[in-house]
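**Student:** Heads up: the sequence shown is residues 297 to 456, going by my numbering. The beta-carbon is built from N, C-alpha and C at its ideal position, and this holds for glycine as well. Could you have a look at this structure, given as C-alpha cells, before my questions?
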Amino acid sequence: MLCKNIKVKPLNEDNFKLYGQLIKKPERSPDAEVDTHNWWNNVANLPAEDSISVGILQVKHRDFTVTKLEQHTRTAEMLVSLKGNSILVVGKKSLDNREIERMEAFYLTSNQIIILNVGILHFVPFPLEDEAIYAVVFRFKTPEDDLEFIEFKEDINLVL
Numbered sequence: 297m298l299c300k301n302i303k304v305k306p307l308n309e310d311n312f313k314l315y316g317q318l319i320k321k322p323e324r325s326p327d328a329e330v331d332t333h334n335w336w337n338n339v340a341n342l343p344a345e346d347s348i349s350v351g352i353l354q355v356k357h358r359d360f361t362v363t364k365l366e367q368h369t370r371t372a373e374m375l376v377s378l379k380g381n382s383i384l385v386v387g388k389k390s391l392d393n394r395e396i397e398r399m400e401a402f403y404l405t406s407n408q409i410i411i412l413n414v415g416i417l418h419f420v421p422f423p424l425e426d427e428a429i430y431a432v433v434f435r436f437k438t439p440e441d442d443l444e445f446i447e448f449k450e451d452i453n454l455v456l
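See the structure below:
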C-alpha cells in the first residue's frame with residue numbers, strides 16, 4: 297500500500313524501531329569511567345553471517361523523488377554520517393514479500409548513526425546540501441551477492 301507522497305519526519309528511537317536502531321550516547325552510567333574517557337559497551341548489535349566491511353558512500357544532491365529501493369536479506373547495515381544532513385527512505389515488505397506494506401522517510405542529521413535491520417528496504421540517502429558522506433558497514437561482499445532492487449512504476453515524492 298503505497299502513496300505517491302511521503303512526508304519526511306524527524307528520526308527518533310520510537311518512530312524508527314520498526315526499521316532498525318538509532319545509535320546514540322546511552323543515558324545509563326558508563327561501563328568504564330577513567331580520567332581520559334568514558335566507555336559504554338554493547339550500545340548496538342550489527343548482525344551479520346560473515347566478516348564485516350566498511351565502505352564510503354558519497355551521495356550527491358538530486359530531486360527528492362524515490363524511483364527504487366534496495367534490500368539485503370543476509371545482513372543488517374549501519375550508516376555512520378561523516379558529513380551532511382540527509383533524508384533516508386525506508387520500507388518494509390508484507391509478510392508474503394509480494395508488496396511493500398509500509399514506507400517512511402526520516403531526516404538523518406550529521407550526528408546520527410543508524411542500523412537498518414536485515415531485510416529493510418532502503419536506498420542511498422537524499423542529501424539536503426550538495427553532498428553527504430557516510431561510512432557504510434555491512435557483511436563483506438554484500439554488493440556482490442546480497443543486493444536486490446525494487447523499481448517503482450510511479451515515482452514517489454518526498455514532502456519536506
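If you check the beta carbons only, do LEU365 and ILE383 fall under 9 angstroms apart?
**Tutor:** In the sequence shown, counting from the first residue as 1, residue 365 sits at position 69. In the sequence shown, counting from the first residue as 1, residue 383 sits at position 87. Contact flag unset, no.
**Student:** Out of GLY415, SER406 and ARG394, which one is the CA nearest neighbour of THR489?
**Tutor:** The structure shown does not extend to residue 489, since the chain spans only 297 to 456, so no value can be given for it.
**Student:** Which of the three DSSP states is assigned to ASP441 in this structure?
**Tutor:** Position 145 of the sequence shown, counting from 1, holds the residue named residue 441. In this structure, ASP441 counts as helix in the three-state DSSP scheme.
**Student:** Per DSSP, PHE448 forms a beta bridge with which residues?
**Tutor:** Translated into the one-based positions of the sequence shown, residue 448 becomes position 152. Per DSSP, none; premise fails for PHE448.
**Student:** In the DSSP output, which residue or residues are listed as bridge partners for TYR315?
**Tutor:** Numbered from its first residue, the sequence shown carries residue 315 at position 19. Looking at the DSSP assignment, TYR315 forms no beta bridge with any residue, so it has no partner.
**Student:** Is there contact here, the stretch 373-391 with the stretch 419-428, by at least three beta-carbon pairs under 8 angstroms?
**Tutor:** yes
**Student:** By alpha-carbon positions, which one of ASN407, VAL350 and ILE411 ends up nearest to ALA431?
**Tutor:** To locate residue 431, count along the sequence shown from 1; it is residue 135. Answer by Cα proximity: VAL350.
**Student:** On the three-state DSSP scale, how would you describe GLU309?
**Tutor:** As a first step, residue 309 must be located in the sequence shown, where it is residue number 13. When DSSP states are grouped into helix, strand and coil, GLU309 belongs to the helix group.
**Student:** If I'm right that GLN367 touches GLU444 with Cβ under 8 angstroms, what's the distance once you round it to whole angstroms?
**Tutor:** The count along the sequence shown starts at 1 and reaches residue 367 at position 71. The count along the sequence shown starts at 1 and reaches residue 444 at position 148. So it is a contact: roughly 5 angstroms between Cβ atoms.
**Student:** Here's the rule: buried if 16 or more other CB atoms are within 10 angstroms of the residue's CB, otherwise exposed. What is ALA372?
**Tutor:** To locate residue 372, count along the sequence shown from 1; it is residue 76. Classification of ALA372: buried, given that the 10 Å Cβ count is 16 or more.
**Student:** Compute the Euclidean distance between the alpha carbons of VAL455 and LYS449, then round it to the nearest angstrom.
**Tutor:** On the sequence shown, position 159 is the one that residue 455 refers to. On the sequence shown, position 153 is the one that residue 449 refers to. Cα to Cα, VAL455 sits roughly 19 angstroms from LYS449.
**Student:** In whole angstroms, give me the CA-to-CA distance for ASP392 and ILE409.
**Tutor:** If you number the sequence shown from 1, residue 392 lands on position 96. If you number the sequence shown from 1, residue 409 lands on position 113. In a straight line, the C-alpha of ASP392 is about 30 angstroms away from that of ILE409.
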